[in-house]
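Asks: Can you read through this structure? Questions will come right after.
In our numbering, the protein residues as written are 2 to 316.
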């Protein structure tokens, strides 16, 4: 009777195992998420750290603030330069006021009166020099004074004409270019200032935060790493013998350690080159032991922890 029970149990277990397809190949690996690395954008000190390792974050959350005092001062300078350039352009576009033209006419009248006086003085000096009442030096001085006053009249006439005609198109274009250049400098500096605030670019989890407040970092230094929540995948080493059984897009079962039920997975990609020794350096027998790094996208597994061991069974 006891022997019969044993035989029945063996038959039952054999039938049960026959219902589940035996895996011909097994690819071992771990559970992974995309790692996002955020770096320092300037050679500055860390003013404040707003998060800690293991903390979940969302897109746009502030993570780290670098010292922005110099960047703010430079932005104020750029804004002042923009205001100055805009004021110069507005002055050209608004034209000349009547008061400016009247003042220029008055200055021209003064210059003409002084020129007339210099002309009379030169005429008197010429007559006195002809009579040998003064020397050549006095005559030359009177002539120089006349020339200076005549030049002043010409300058005032040109200035009055410029005010009456308004700004030249070339001057306006140059002023507009100055404004555009100053505006670009402001925009650039605003971006530089914004980049000193390190924000999360993906929803995820703070994985590594090796720095502390007050420490100085150089441009390009890795400040923080995030594990993205956008996708969860298994990274496994696929045996060379299984390459003919699966391909990109194949559906496979993924077994995670500690969880009985398998998860459904889809192969994202299979690396073209083996993960270890190149195939051309091995003989045919050794090439059967090559492994190809493979990523398998998991479904309905967001609650699993990154780094868990798993295996992909390929029938």
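Cβ atoms here follow ideal geometry from the backbone N, Cα and C, with glycine treated the same way.
What does DSSP give as the partner residue(s) for residue 228 in the beta ladder?
Replies: Within the chain shown, the letter at position 227 stands for residue 228. DSSP lists 36, 206 as partners of residue 228.
Asks: Where does residue 120 sit, in a helix, a strand or coil, going by DSSP?
Replies: The residue you call residue 120 lines up with position 119 of the chain shown. Correct three-state label for residue 120: helix.
Asks: May I ask you to report which of helix, strand or coil DSSP gives residue 316?
Replies: For the purposes of this step, residue 316 is identified with residue 315 of the chain shown, where counting begins at 1. Judged by DSSP in its simplified three-state form, residue 316 adopts coil rather than helix or strand.
Asks: Measuring alpha carbon to alpha carbon, tell me which of 298, 210, 222 ends up nearest residue 230.
Replies: Walking along the chain shown from the start, residue 230 turns up at place 229. Measuring from the Cα of residue 230, the nearest candidate turns out to be 298.
Asks: Under 8 Å, do residue 257 and residue 313 count as touching if we go by C-beta distance?
Replies: In the chain shown, counting from the first residue as 1, residue 257 sits at position 256. In the chain shown, counting from the first residue as 1, residue 313 sits at position 312. Cβ distance not < 8 Å, so residue 257 and residue 313 don't count as in contact.
Asks: Considering only the beta carbon of each residue, do residue 120 and residue 140 sit closer than 8 Å?
Replies: Residue mapping note: residue 120 aligns to position 119 of the chain shown, counting from 1. Residue mapping note: residue 140 aligns to position 139 of the chain shown, counting from 1. Cβ distance not < 8 Å, so residue 120 and residue 140 don't count as in contact.
Asks: Based on DSSP bridge pairs, tell me the residues matched to residue 28.
Replies: As a position in the chain shown, residue 28 is number 27, starting the count at 1. Partner(s): 313.
Asks: Taking 6 Å as the limit between beta carbons, can you name the residues of its chain near residue 42, skipping five residues before and five after?
Replies: Taking the chain shown and counting its residues from 1, one reaches residue 42 at position 41. Closer than 6 Å at the Cβ level, and outside the excluded window around residue 42, lie 196.
Asks: Can you give the Cα-Cα distance for residue 199 and residue 27, rounded to whole angstroms?
Replies: The count along the chain shown starts at 1 and reaches residue 199 at position 198. The count along the chain shown starts at 1 and reaches residue 27 at position 26. Using only the alpha carbons, I get a separation of about 42 Å.
Asks: In terms of residues, what are the limits of the beta strand (DSSP E) holding residue 184?
Replies: Residue 184 sits at position 183 when you count from the first residue of the chain shown. Segment 170-196 is the alpha helix (DSSP H) holding residue 184; no beta strand (DSSP E) there.
Asks: Can you tell me whether residue 149 is helix, strand or coil according to DSSP?
Replies: In the chain shown, counting from the first residue as 1, residue 149 sits at position 148. Three-state DSSP puts residue 149 in a helix.
Asks: So, helix, strand or coil for residue 294, using DSSP?
Replies: Within the chain shown, residue 294 is the residue found at index 293, counting from 1. DSSP places residue 294 in strand when its eight states are reduced to three.
Asks: Whether or not the region 104-120 and the region 205-213 are in contact is what I'm after, with contact meaning three or more pairs of Cβ atoms, one per stretch, closer than 8 Å; do they touch?
Replies: no
Asks: Does the region 71-89 come close enough to the region 175-187 to have 3 or more Cβ pairs within less than 8 Å?
Replies: Under the Cβ criterion (8 Å, minimum of three pairs), the region 71-89 counts as touching the region 175-187.
Asks: Return the first residue and the last residue of the beta strand (DSSP E) that residue 265 is part of.
Replies: Here residue 265 refers to the residue found at position 264 of the chain shown. 264-271 is the extent of the beta strand (DSSP E) around residue 265.
Asks: Per DSSP, which one or two residues make a beta bridge with residue 49?
Replies: As a position in the chain shown, residue 49 is number 48, starting the count at 1. The beta-bridge partner set that DSSP reports for residue 49 consists of 66.
Asks: Determine, using beta carbons only, whether residue 72 and residue 193 come nearer to each other than 8 Å.
Replies: For the purposes of this step, residue 72 is taken as the residue at position 71 of the chain shown. For the purposes of this step, residue 193 is taken as the residue at position 192 of the chain shown. In contact: residue 72 and residue 193 (Cβ atoms closer than 8 Å).
Asks: From the DSSP output, in three-state form, read off residue 284 for me.
Replies: The residue you call residue 284 lines up with position 283 of the chain shown. Confidence at residue 284 is low in this model, with a pLDDT of 49, below 50, so its placement is unreliable and no value can be given for it.
Asks: According to the neighbour-count rule (16 or more other Cβ atoms, all chains shown, within 10 Å of its Cβ), is residue 295 buried or exposed?
Replies: Stepping through the chain shown from its first residue, residue 295 is reached at position 294. By the 16-neighbour rule on beta-carbons within 10 angstroms, residue 295 is buried.
Asks: Please determine, among 223, 307, 138, 122, the residue with the shortest C-alpha to C-alpha distance to residue 38.
Replies: Taking the first residue of the chain shown as position 1, residue 38 is located at position 37. Looking at the Cα atoms, 223 is the closest of the given residues.
Asks: According to the neighbour-count rule (16 or more other Cβ atoms, all chains shown, within 10 Å of its Cβ), is residue 240 buried or exposed?
Replies: On the chain shown, position 239 is the one that residue 240 refers to. Buried, by the Cβ-count rule.
Asks: Starting from the C-beta of residue 234, find all residues in its chain whose C-beta is less than 7 Å away, skip the five residues before and the five after it, and write them out in chain order.
Replies: The count along the chain shown starts at 1 and reaches residue 234 at position 233. Cβ neighbours of residue 234 beyond the five flanking positions: 33, 269, 296, 297, 298, 299.
Asks: Once you ignore the five residues that flank residue 46 on each side, which residues in its own chain have a CB closer than 8 Å to its CB?
Replies: For the purposes of this step, residue 46 is taken as residue 45 along the chain shown, with counting starting at 1. Excluding residues within five positions, the ones whose Cβ falls inside 8 Å are 67, 68, 215, 216, 217, 218.
Asks: Does at least one heavy atom of the ligand ZN sit under 7 Å from the Cβ of residue 104?
Replies: No copy of the ligand ZN appears in this structure; indeed no ligand is present at all.
Asks: What is the residue span of the beta strand (DSSP E) that residue 255 lies within?
Replies: Position 254 of the chain shown holds residue 255. Counting along the chain, residue 255 sits inside the beta strand (DSSP E) bounded by residues 252-257.
Asks: Buried or exposed: which applies to residue 292, given that a residue is buried once 16 or more other Cβ atoms fall within 10 Å of its Cβ?
Replies: Position 291 of the chain shown, counting from 1, holds the residue named residue 292. Here residue 292 is buried. Its C-beta has 16 or more other C-beta atoms within 10 Å.
Asks: Look up residue 133 in the DSSP assignment and say whether it is helix, strand or coil.
Replies: What you label residue 133 is simply residue 132 of the chain shown in a count that begins at 1. DSSP places residue 133 in coil when its eight states are reduced to three.
Asks: Could you compute how far the alpha carbon of residue 150 sits from the alpha carbon of residue 156?
Replies: Residue 150 sits at position 149 when you count from the first residue of the chain shown. Residue 156 sits at position 155 when you count from the first residue of the chain shown. C-alpha separation (whole angstroms): 10 Å.
Asks: Can you check which of these residues, 163, 123, 116, is closest to residue 101 by C-alpha distance?
Replies: As a working note, residue 101 is residue 100 in the chain shown. Taking only the C-alpha atoms, the option nearest residue 101 is 163.
Asks: Cutting at 6 Å between CB atoms, please list the residues of its own chain near residue 143, excluding the five before and the five after it.
Replies: Mapped onto the chain shown, residue 143 falls at position 142. Closer than 6 Å at Cβ, skipping near neighbours: 122, 123, 126.
Asks: Alpha carbons only, please: which of 263, 153, 252 is nearest the one belonging to residue 114?
Replies: Your numbering for residue 114 matches position 113 in the chain shown. Measuring from the Cα of residue 114, the nearest candidate turns out to be 153.
Asks: Have a look at 228, 86, 138, 190 and flag the residue whose alpha-carbon is nearest the alpha-carbon of residue 303.
Replies: Position 302 of the chain shown, counted from the first residue, corresponds to residue 303. Per the Cα distances, 228.
Asks: I'd like the list of long-range same chain contacts for residue 272, defined as Cβ closer than 6 Å, with 5 residues on each side in sequence excluded.
Replies: Translated into positions along the chain shown, residue 272 becomes position 271. Result list for residue 272: 293, 294, in chain order.
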